[in-house]
Every structure is written in structure tokens, then in C-alpha cells.
Amino acid sequence: MPRAHAQQGPLDADALIARYGFRPDQVGFAVFDPQANAWIETHMPDQPFLPASVSKVPTTVAALEMLGPTFRWQTRFVSAAPVVDGVLKGDLYLVGDGDPTLDGPTLARLVRGLEGAGIRAVQGNFYYDDTLVATGPVIEATQPDDLAYNPGYGALSLDFNRALLSWDPKAGPRFIEAGGTPVGEGQRVRVARPGDPDAPPPGLRPHFEGVQGVVPASLAGAGEAWVLPSSWKGTGSLWLPVKHPGAYTANAARVMIQRRGIALGSPRPAAAPPQARILAVIESAPLYDVVAKVLKTSNNLVAEMIGLATTRRLTGQVLPLAESAAVVNRLFAGSLAGVDWSSFRLANHSGLSPESRATPRQIATILDYAQRHAFHGLDYAALLPRRPWHNSDDDEGPAPGSVGTTGQVPVWAKTGTVYYGRGLAGFLVAGSGRLLTFAIFVSDFDKREAFDRLNRHDSAADVRAARAWLGRARALERDLADLWRARH
Numbered sequence: 000m001p002r003a004h005a006q007q008g009p010l011d012a013d014a015l016i017a018r019y020g021f022r023p024d025q026v027g028f029a030v031f032d033p034q035a036n037a038w039i040e041t042h043m044p045d046q047p048f049l050p051a052s053v054s055k056v057p058t059t060v061a062a063l064e065m066l067g068p069t070f071r072w073q074t075r076f077v078s079a080a081p082v083v084d085g086v087l088k089g090d091l092y093l094v095g096d097g098d099p100t101l102d103g104p105t106l107a108r109l110v111r112g113l114e115g116a117g118i119r120a121v122q123g124n125f126y127y128d129d130t131l132v133a134t135g136p137v138i139e140a141t142q143p144d145d146l147a148y149n150p151g152y153g154a155l156s157l158d159f160n161r162a163l164l165s166w167d168p169k170a171g172p173r174f175i176e177a178g179g180t181p182v183g184e185g186q187r188v189r190v191a192r193p194g195d196p197d198a199p200p201p202g203l204r205p206h207f208e209g210v211q212g213v214v215p216a217s218l219a220g221a222g223e224a225w226v227l228p229s230s231w232k233g234t235g236s237l238w239l240p241v242k243h244p245g246a247y248t249a250n251a252a253r254v255m256i257q258r259r260g261i262a263l264g265s266p267r268p269a270a271a272p273p274q275a276r277i278l279a280v281i282e283s284a285p286l287y288d289v290v291a292k293v294l295k296t297s298n299n300l301v302a303e304m305i306g307l308a309t310t311r312r313l314t315g316q317v318l319p320l321a322e323s324a325a326v327v328n329r330l331f332a333g334s335l336a337g338v339d340w341s342s343f344r345l346a347n348h349s350g351l352s353p354e355s356r357a358t359p360r361q362i363a364t365i366l367d368y369a370q371r372h373a374f375h376g377l378d379y380a381a382l383l384p385r386r387p388w389h390n391s392d393d394d395e396g397p398a399p400g401s402v403g404t405t406g407q408v409p410v411w412a413k414t415g416t417v418y419y420g421r422g423l424a425g426f427l428v429a430g431s432g433r434l435l436t437f438a439i440f441v442s443d444f445d446k447r448e449a450f451d452r453l454n455r456h457d458s459a460a461d462v463r464a465a466r467a468w469l470g471r472a473r474a475l476e477r478d479l480a481d482l483w484r485a486r487h
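Here it is as C-alpha cells:
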């Protein structure tokens, strides 16, 4: 559907909502003018909607507040044993504290650090310690188990907890090395035989079989297994989620260590002894850099690990995901007065949940706080990606406040997108040059519930309908921004 101003003069908000085929109660927005200290545009501002990835705004604001913008995660090799003549006379531990950005080349740097510690051989066992952060096989249990954006999480993560599956008629399906990360022990995949009662239905959806060769509670060093439909054929590749990232990361580290000539047994889970000393350590980029990237890429794992680090700092405890998100809910409810927080609920830190709810006024209030608070001089608006709507949603632009001459509305915002749920929240430059804070949500709860209940992810017709709905919601966002710029 063409945008409204392409065919006629500007419409008011109610007319725009009707033009794009939404009921009035399916749309909410709130626009705040910090200079006037006033809400200048509202429609259903206190009704809860599906925030989707707009949830990453409260997650990142809480993190910058509690951890500080220069916070860094660490991944370490430690041991309580001495090194004698190049031999570590005891056990080696790989310890993580939740770095969500660890990748193959960075892990390889950590492995090279063992040589810097003078280690040429290890006499003991190899363990991985992921006890500093809660672990889980998926972020959101209601989503299909083969989606790479819904991986396992924990204190040790690698490559956003994704493994690359490749296949062709000659070699068949297999996991392959990608981005400098080797294939660890036990990563397995098979094609179901015709008539196999455990085979997934026809199509291109792998099915997770489980952890191979171990009791799931122990999650020793073995890999993970997937089964493909019997109709699987052709050539291609796809990312699959890693369900138990601690074991996956340790297995990749073991391969890297062995390639450097150090024999090492399969990794097993165990907490490092308190007296263990650091043999090698690497740090992540500072939090402000990680926040800027997650606000642009919307990576769910990164958001979850940011949130878990925040609540560990707040409570001193290792909390399960839902409990951790509840801590963030209470943080805002207890610190930002003048807003009804009773409906505010983050089910997790990324927004990958049908249960999360937020109102436009709640999100706009959080954004206003972030911009006013200026975490040690950090400009939160500048961390958000620019949305120059004359081009693409993912292009970047100049800093907030520098109004261009291309005619588009300068907007710096976080998007949130699920089928039948759309959000956009951030800052826009009005025609007067003032920086306004805003949040827009569009939700169709009935259609979203039906989509999940019937698991319509494989239905081409249902997916097309949902994408068309999202297209109308995006067009409404843009016309509302045009309207507000013209008015203010």
C-alpha cells in the first residue's frame, strides 16, 4: 500500500491508523518533548503492546546504568596447578562470565595465551566452568528449536551460539568450520530414512535430537545431534542454534589447543577452584560498543547476556532468565516516577517472547531518562541506529540533532518486529529542530496467538500475510513521524 502522503495531503493520526487497516486499539504511541517537559502526541499511550526487540532499550539502559559504559566481560584459562618445565601439573579450566561477543579468532588469541604462560603440555584434565551465568538450551521455548536467533545461552558462548550446517550431493550434510571456529567433537547430523517414525515432516526444517552420548544434566564434552527430513537434498548451508554452548565452546577450544601440539582430553563441566590463578585472559569490547551493536543488529543472545550481567551486578546472584528479567522490571518501576508501571513486563531481555508487554509511555519514559542521564557523558541517542526512510532501515546517518537536507525525518530508533507485532522507539528531530522522544507500537494479539498456537512458520501463505501486515505497520510509523515533524 502506498504511503498516505504520496496520494493526498497529510492526514491526522486517527485517519492514518484507519487508512492502513488497523483498529484504533491495535495502535499506540507517545511523543515527549523534553524542552517543554510535556507529552505532545498520544494515542493509547498507556495500553500494553508487544514490544518485541524494543525490549532491548530497557535492557541496555539498565546495563549502562548498573554496569557502566566501560564494563567488559572476561574469558580465562585458569589452574590451581604449577607449571614445571612447560608442563601444567594439573587440571586446566576454561572459565567464562558471559561474553556474548566471543568468536573464533578471539578464542584463538586466548589459546595462544597458554603458550605465553609457558605451557607446552597439560598433565591433568580439561574442564569448562560456566557457573557464573545461568544456562539454558533456548531463549524462548515457544519458538521452533531450529531457529538460529533462539540459541542456548550461558557463561561460555561462541559465534552467537550458532553452528554452520552445509550439504551437497557428494559430501552430504555436515557441520563445517566457519569464521575461524573449528568443528568440535561430536557435532552430528543425519538424514532420516523414509518411513522413520522419528523423522521430521517434509520440508527444510531440521529437528534437534539431543546431546549425544551424555546424560543431559551433566552435559559433558560431547556434541549435539540433528536429524534432517528424508526429503533433504541439493546444495546449501544454514546456521543452526547451539543448545549447550559451554560444551560447544570448550570443544572448539580443545581443537585449537590440540592444533598447537598440546594433547588434551575431552572437556567436562566443573567449577574452577577458588585458588586457581589466571594463565591467560581476554576481554570483550566495552559495554557501550556492545550496546551500540546490539541496538543495530538486534542479536537476541547478546541482549540476554547483557541483561544477565546487569542483574548479577544488581543482586549478586546467578538468576534464571525470567527472574533476571523481573529484576529489570522492578528496577524501572522503582526508579522512574510519574508513570504507571503495573503493566510493564519483560519476560526476558531480548524481546523474543509473546508474553512481554510495554506501553508507549513506559518506553518513551525510559528513553527520556537515558538521554537526560548521559551515562558518564554517553549520548544514548547516538547509540541507536539512524532510520533514514528514504533509503533502508539499516543505514546509518549523522548524529542526532544534525538535520539533513534530503527531506526525510531524521530518526534514531530501535525497531521491534515479530509477526503481528511491530514497535519503533527512539528520537526524532522535529521541524523546529527540537529532539523529541517517541514510541510507537502496533499489535494484533489474536493473530499473533493463532500464529504461534498453530505453528504457522512453515506456511508460505500465512507468512506472506504476516509480512504484509508488517509492511502496513512500517508505513504507518513513517507517516506518523512525518506528521509529527510537520506539526512540531
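Numbering of the sequence shown is given in numbering that gives the first Met the number 0, commencing with residue 0 and proceeding in unit increments.
Ideal Cβ positions, reconstructed from N, Cα and C, are used throughout, including at glycine.
Where the alpha helix (DSSP H) containing residue i begins and where it ends
i, result
"K413", "K413 -> not in any alpha helix (DSSP H); beta strand (DSSP E) instead, spanning 410-417."
"R75", "Here R75 belongs to no alpha helix (DSSP H); instead the beta strand (DSSP E) covers 73-78."
"D288", "286-296"
"T364", "359-372"
"F28", "Premise fails: F28 lies in the beta strand (DSSP E), 26-32, not in any alpha helix (DSSP H)."
"W483", "459-486"
"F331", "320-334"
Rounded Cβ spacing between residue i and residue j (contact assumed at less than 8 angstroms)
i, j, result
"A133", "V317", "6 angstroms"
"A279", "L155", "Incorrect: roughly 15 angstroms between the Cβ atoms, too far for contact."
"P104", "G179", "5 angstroms"
"A191", "P228", "6 angstroms"
"R59", "V338", "Arg is not the amino acid found at residue 59; the sequence shown has Thr there. Contact doesn't hold; Cβ gap of about 19 angstroms is too wide."
"R356", "S342", "6 angstroms"
"I305", "H372", "Going by Cβ atoms, the distance from I305 to H372 rounds to 17 angstroms, so no, they are not a contact pair."
Own chain, CB closer than 8 angstroms to residue i, minus 5 neighbours either side, in chain order
i, result
"D393", "Note that D393 scores a pLDDT of 42, beneath 50, so its modelled location is shaky and nothing firm can be said."
"V86", "I118, R119, A120, V121, Q122"
"R71", "E282, S283, A284, P285, L286"
"V137", "D144, N149, P150, G151, P240, K242"
"L157", "L101, D102, G103, L106, T180, V241, P244, Y247, T248, A251"
Residues near residue i by beta carbon distance below 6 angstroms, same chain, minus five either side
i, result
"G422", "P50, A51, V53, G415, F440"
"M43", "G27"
Where the beta strand (DSSP E) containing residue i begins and where it ends
i, result
"Y127", "125-128"
"R189", "187-190"
"Y247", "No beta strand (DSSP E) holds Y247; the alpha helix (DSSP H) holding it covers 244-258."
"T41", "37-42"
"F174", "173-175"
"F48", "Taken as a continuous stretch (DSSP letters only), F48 belongs to no beta strand (DSSP E), as it is neither H nor E."
"W340", "Taken as a continuous stretch (DSSP letters only), W340 belongs to no beta strand (DSSP E), as it is neither H nor E."
"I261", "Note, I261: premise wrong, no beta strand (DSSP E); not H, not E."
"G89", "Note, G89: premise wrong, no beta strand (DSSP E); not H, not E."
"L227", "223-227"
"S165", "161-166"
"F437", "434-442"
"P532", "Here the chain comprises residues numbered 0 to 487, so residue 532 is not present and cannot be evaluated."
Buried/exposed call for residue i, threshold 16 Cβ in 10 Å
i, result
"H243", "buried"
"T405", "Confidence at T405 is low in this model, with a pLDDT of 36, below 50, so the placement of that residue should be treated as unreliable; the coordinate-derived value is given next. By the neighbour-count rule (16 or more Cβ atoms within 10 Å), T405 is not buried but exposed."
"A369", "buried"
"Q34", "exposed"
"N160", "buried"
"P168", "exposed"
"T141", "exposed"
"E139", "buried"
"S297", "buried"
"E40", "buried"
"R311", "buried"
"I365", "buried"
9 angstroms Cβ cutoff, residue i in contact with chain C
i, result
"Y126", "Included in the structure is just one protein chain, with no chain C present."
Cβ neighbours of residue i in the same chain (closer than 7 angstroms, five flanking residues each side left out)
i, result
"L427", "V408, P409, V410, L435, F437, A480, W483, R484"
"P47", "S342, R356, A357, T358"
- Query: Counting Cβ pairs, one atom from each stretch, are 3 or more of them under 8 angstroms apart for the segment 86-106 and the segment 52-62?
  - Reply: no
- Query: Is there contact between the segment 426-445 and the segment 19-39, where contact requires at least three CB pairs shorter than 8 angstroms?
  - Reply: Taking 8 angstroms as the limit for Cβ pairs, the verdict is that the segment 19-39 does touch the segment 426-445.
- Query: Three or more beta-carbon pairs under 8 angstroms between the segment 449-466 and the segment 363-377, yes or no?
  - Reply: No, they do not touch.
- Query: Do the segment 319-337 and the segment 257-272 make contact, defined as three or more Cβ pairs closer than 8 angstroms?
  - Reply: The answer is no - the segment 257-272 does not touch the segment 319-337, with fewer than three Cβ pairs under 8 angstroms.
- Task: Would you be able to state if there are at least three C-beta pairs under 8 angstroms between the segment 60-68 and the segment 349-364?
- Result: no
- Please determine if the segment 246-262 and the segment 78-85 are in contact, where contact requires at least 3 C-beta pairs separated by less than 8 angstroms. no
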